[in-house]
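Numbering (UniProt numbering), first residue to last: 1 to 578.
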């Protein structure tokens with residue numbers, strides 16, 4: 001097994017490589033932040049996914065535009081460096097539906113007919129006539145308009161009772177509540193009601209059919225004390241579908257139908273897209289989602305994340321050359337000669353032991369990151385989404401942060417009752433604290449939380465790591481005037497006019513600088529993993545401390561010419577034999 005001195009030398013050298021690698025990473029991130037490299041590569045990746053035309057529309061959406069820096073210059077084009085996958089899915093679907101001319105024309109024509117009927121003192125029957133006439137004119141078209149016209153006529157013919165939309169929302173809300181109770185015996189009833197609500201929302205079932213299906217579902221409940229209250233509640237709910245159908249009910253129902261056109265005719269909207277990769281991809285994802293819009297958005301999220309994984313691969317490959325150059329510059333600028341450091345640690349074991357102790361403390365301090373936390377640096381903004389709990393009404397959602405150094409930009413946020421997520425943006429300001437820890441972004445109306453790890457600015461991180469490296473008692477760095485040892489180690493920085501001295505230093509340190517640069521290109525995660533492994537070996541190989549023996553078991557020192565037995569007898573007080 002290696003001696004502890006050799007392991008201390010290895011740990012010290014690895015620790016130096018780790019710190020240099022961290023410095024190189026920080027400088028690379030600084031350059032990327034100034035040049036907006038991540039934003040540029042993100043833009044390229046989205047361009048490849050959906051095309052430049054749709055990319056521009058997505059970037060112009062308020063949800064995306066609000067996360068980008070506003071200080072555009074003629075040199076650097078600003079934009080978000082990160083887009084949450086859920087935000088991308090929601091924005092893409094919103095942009096596609098907003099730019100569907102057929103849907104826009106349908107909604108415009110139906111709203112005009114509805115407004116015309118309402119302005120002339122409409123009755124329920126006149127509303128039906130006006131909308132049926134408008135639908136008849138739309139039937140001559142093809143695609144979405146024809147489908148909307150047919151569904152609207154069927155919807156108007158079927159509606160003859162109370163406000164169907166409100167009633168379906170009420171049933172859907174109660175079904176969700178019962179699903180969360182965890183009562184297996186209610187599963188058949190809840191499945192039947194879920195299908196009924198879906199058919200009612202998509203206008204596949206009229207009011208009479210909804211009433212019959214609801215009553216039939218209630219009769220499947222087992223009789224008994226456990227279900228008596230629920231049966232009475234559902235029976236009363238069914239009776240609310242029996243009231244008179246007023247003009248206000250009809251107007252609200254038709255408004256609901258018009259507002260839901262874009263969500264109800266997703267397939268037709270996708271088929272109306274220009275032929276190309278985006279249309280094929282979205283139709284494939286929609287087929288996989290079994291015509292479920294929420295599942296489609298989840299599929300878009302997976303597709304987007306896979307695309308961003310490829311973008312990260314491109315970014316890392318392009319960054320390798322920059323990192324290699326930075327590593328060599330850093331090794332020379334800080335005069336980190338791997339060979340010289342190794343020799344110094346071998347020559348002075350006490351130094352190696354001290355640096356090994358610092359390395360172990362560093363590894364212990366940085367070995368337990370917050371699980372699932374995202375790192376946000378000082379001065380940066382982070383944008384994300386919270387998943388909302390179901391609600392029956394429009395509401396104001398208050399988003400909070402448990403850390404004053406992470407401030408939510410806009411709160412409360414007004415969302416409609418059908419919203420499933422709410423976006424947020426957090427600004428990080430650490431000027432009054434060096435170690436703010438973590439921040440949890442949450443809301444009482446949300447079912448999840450977002451955890452953030454707050455970090456110092458890149459410049460602050462650089463200064464901290466640089467100080468840790470230069471404080472090590474090893475021959476690194478440059479000095480203008482120094483001791484004989486520093487001169488022998490090649491740490492005296494010559495005058496700029498003395499080219500021969502620069503040449504001598506380069507010759508002396510060239511191999512050591514090159515080894516340091518090569519080590520730094522492997523990256524900080526690599527050296528951190530190696531450091532932990534070697535520290536584990538050192539801890540396992542350390543011999544246990546020898547326990548002192550009991551006093552009676554300790555032998556008296558033997559004098560020259562004296563046997564051990566005689567020495568033991570003398571210890572016990574026996575006279576010396578002659």
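Using N, Cα and C, we set each Cβ at its ideal position, and we do this for glycine too.
My output table needs one value for residue i: the three-state DSSP class, helix, strand or coil.
i: residue 388; result: strand
i: residue 395; result: strand
i: residue 562; result: Low confidence applies to residue 562: its pLDDT is 45, below 50, so where it sits in the model is not reliable, and the reading given next is rough at best. Residue 562: coil per DSSP, three-state reduction.
i: residue 450; result: strand
i: residue 401; result: strand
i: residue 524; result: helix
i: residue 248; result: helix
i: residue 197; result: helix
i: residue 31; result: helix
i: residue 336; result: coil
i: residue 582; result: No answer is possible for residue 582: it lies beyond the span of the chain, which begins at 1 and ends at 578.
i: residue 474; result: coil
i: residue 492; result: strand
i: residue 375; result: strand
i: residue 188; result: helix
i: residue 55; result: helix
i: residue 584; result: With the chain represented from 1 up to 578, any question about residue 584 goes unanswered, as that position is not in the structure.
i: residue 127; result: helix
i: residue 430; result: coil
i: residue 588; result: Nothing can be reported for residue 588: it is not among the residues displayed for the chain, which extend from 1 to 578.
i: residue 445; result: coil
i: residue 26; result: helix
i: residue 11; result: helix
i: residue 103; result: helix
i: residue 81; result: coil
i: residue 512; result: helix
i: residue 583; result: Only positions 1 to 578 of the chain appear in the structure, and residue 583 is not among them; the question remains open.
i: residue 202; result: coil
i: residue 238; result: helix
i: residue 503; result: helix
Count the other CB atoms within 10 Å of the CB of residue i; is the residue buried (16 or more) or exposed (fewer)?
i: residue 45; result: buried
i: residue 375; result: exposed
i: residue 314; result: exposed
i: residue 527; result: buried
i: residue 100; result: buried
i: residue 52; result: exposed
i: residue 447; result: exposed
i: residue 176; result: exposed
i: residue 430; result: buried
i: residue 130; result: buried
i: residue 57; result: buried
i: residue 445; result: buried
Looking at the unbroken alpha helix (DSSP H) that takes in residue i, where does it start and where does it end?
i: residue 287; result: 277-288
i: residue 356; result: 349-365
i: residue 468; result: 458-470
i: residue 295; result: 293-333
i: residue 484; result: 484-488
i: residue 40; result: 37-50
i: residue 65; result: 62-65
i: residue 183; result: Where residue 183 is concerned, there is no enclosing alpha helix (DSSP H), given that its DSSP letter is neither H nor E.
i: residue 271; result: 266-271
On the DSSP bridge assignment, give the partners of residue i in chain order.
i: residue 91; result: For residue 91, which the question treats as bridged, DSSP gives no partner whatsoever.
i: residue 439; result: 452
i: residue 425; result: 383
i: residue 479; result: 492
Would you kindly report the start and end of the unbroken beta strand (DSSP E) that includes residue i?
i: residue 415; result: 413-415
i: residue 408; result: 406-408
Quiz item: Okay, do the region 507-521 and the region 16-29 touch, 3+ Cβ pairs below 8 angstroms being the bar?
Solution: Touching, per the Cβ criterion.
Quiz item: Is it a yes or a no for the region 333-344 touching the region 471-484, going by three-plus beta-carbon pairs under 8 angstroms?
Solution: Yes: at least three Cβ pairs fall under 8 angstroms.
Quiz item: Are there three or more Cβ pairs, one per stretch, closer than 8 angstroms when the region 275-289 is compared with the region 298-312?
Solution: Touching, per the Cβ criterion.
Quiz item: Does the region 379-390 touch the region 80-99, meaning 3 or more C-beta pairs lie closer than 8 angstroms?
Solution: Because the criterion of three Cβ pairs below 8 angstroms is met, the region 80-99 and the region 379-390 touch.
Quiz item: Would you call the region 530-541 and the region 4-12 touching, i.e. three or more CB-CB distances under 8 angstroms?
Solution: A contact is defined here as three or more CB-CB pairs under 8 angstroms, and the region 530-541 meets this definition with respect to the region 4-12.
Quiz item: Between the region 483-495 and the region 315-323, are three or more C-beta pairs nearer than 8 angstroms?
Solution: With fewer than three CB-CB distances shorter than 8 angstroms, the region 483-495 does not count as touching the region 315-323.
Quiz item: Are three or more beta carbon pairs between the region 388-402 and the region 348-362 nearer than 8 angstroms?
Solution: Under the 8 angstroms Cβ criterion, the region 388-402 does not count as touching the region 348-362, having fewer than three qualifying pairs.
Quiz prompt | Contact between the region 266-282 and the region 218-238 (3+ Cβ pairs under 8 angstroms) | solution = A contact is defined here as three or more CB-CB pairs under 8 angstroms, and the region 266-282 fails this definition with respect to the region 218-238.
Practice problem: Count the C-beta pairs between the region 22-33 and the region 456-466 that are closer than 8 angstroms, then say yes if the count reaches three, no if not. | Solution: Contact holds: three or more Cβ-Cβ distances are below 8 angstroms.
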